[in-house]
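Okay, structure first, notes after.
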Amino acid sequence: MVKIRFLKLEDLSSYKIASEIADYVWKLVVDWKWFEKRALGSQLTEAIDSVAANIAEGFGRYHKKDKIKFYYNARASVYESAHWIKKAFIRKLLFQKDFDFIMNDLRKLPKEINSGTGRLILTCKSSLALH
Numbered sequence: 000m001v002k003i004r005f006l007k008l009e010d011l012s013s014y015k016i017a018s019e020i021a022d023y024v025w026k027l028v029v030d031w032k033w034f035e036k037r038a039l040g041s042q043l044t045e046a047i048d049s050v051a052a053n054i055a056e057g058f059g060r061y062h063k064k065d066k067i068k069f070y071y072n073a074r075a076s077v078y079e080s081a082h083w084i085k086k087a088f089i090r091k092l093l094f095q096k097d098f099d100f101i102m103n104d105l106r107k108l109p110k111e112i113n114s115g116t117g118r119l120i121l122t123c124k125s126s127l128a129l130h
């Protein structure tokens with residue numbers, strides 16, 4: 000008898016990378032002073048948490064167009080997160096090593112989202128195009 004193995008959310012490399020980097024950033028932001036947390040930290044943690052959250056929500060959706068929407072949102076949140084990481088670095092809230100580590104992972108994510116979870120995007124693109 001053949002045992003069927005279903006894909007789990009935790010099997011997606013994009014989800015794993017996004018979750019791990021969000022936890023890493025959280026641990027850094029928690030140690031910031033009150034003003035920095037309020038002004039920049041909350042924006043950063045919301046943006047970076049939404050990457051994995053959108054991947055998860057897209058994974059849980061049944062219809063392809065719903066999935067695509069959330070994967071696009073996840074990818075957009077990667078770019079928003081990169082913006083806030085750069086601001087945090089410029090404002091001297093991150094050390095160079097932390098900045099490099101985070102940005103390295105963020106740079107991987109658009110490709111991971113497109114090639115892994117985003118396979119649906121490629122198969123459905125023609126149905127999204129205006130005719």
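Letter 36 of the sequence shown, counting from 1, is numbered 35 in numbering that gives the first Met the number 0, and no numbers are missing.
Ideal placement from N, C-alpha and C gives every residue a C-beta, glycine not left out.
Quick check on the DSSP output: the alpha helix (DSSP H) that includes residue i runs from which residue to which?
i, result
"Asn31", "Per the sequence presented here, residue 31 reads as Trp, with Asn not at that position. Element bounds for Trp31: n/a, residue is neither H nor E."
"Leu11", "Here Leu11 belongs to no alpha helix (DSSP H), and DSSP marks it neither H nor E."
"Phe58", "41-59"
Considering only the alpha carbon of each residue, which of the options lies closest to residue i?
i, options, result
"Lys91", "Val77, Asn53, Glu35", "Glu35"
"Gly59", "Glu9, Leu27, Met0", "Glu9"
"Tyr70", "Gly57, Leu27, Glu79", "Gly57"
"Ser114", "Ser76, Asp97, Ile67", "Ile67"
"Leu43", "Asp22, Tyr61, Lys63", "Asp22"
*Using 8 Å as the threshold, is the segment 16-23 in touch with the segment 97-104, meaning 3 or more CB pairs across them?*
At 8 Å Cβ cutoff, the stretches touch.
*asked:* Going residue by residue through the segment 67-116, where are the continuous alpha helix (DSSP H) segments of at least 4 residues, counting only ones entirely within it?
replied: Residue ranges of uninterrupted alpha helix (DSSP H) with 4 or more members, entirely inside the segment 67-116 and ordered along the chain, are 95-111.
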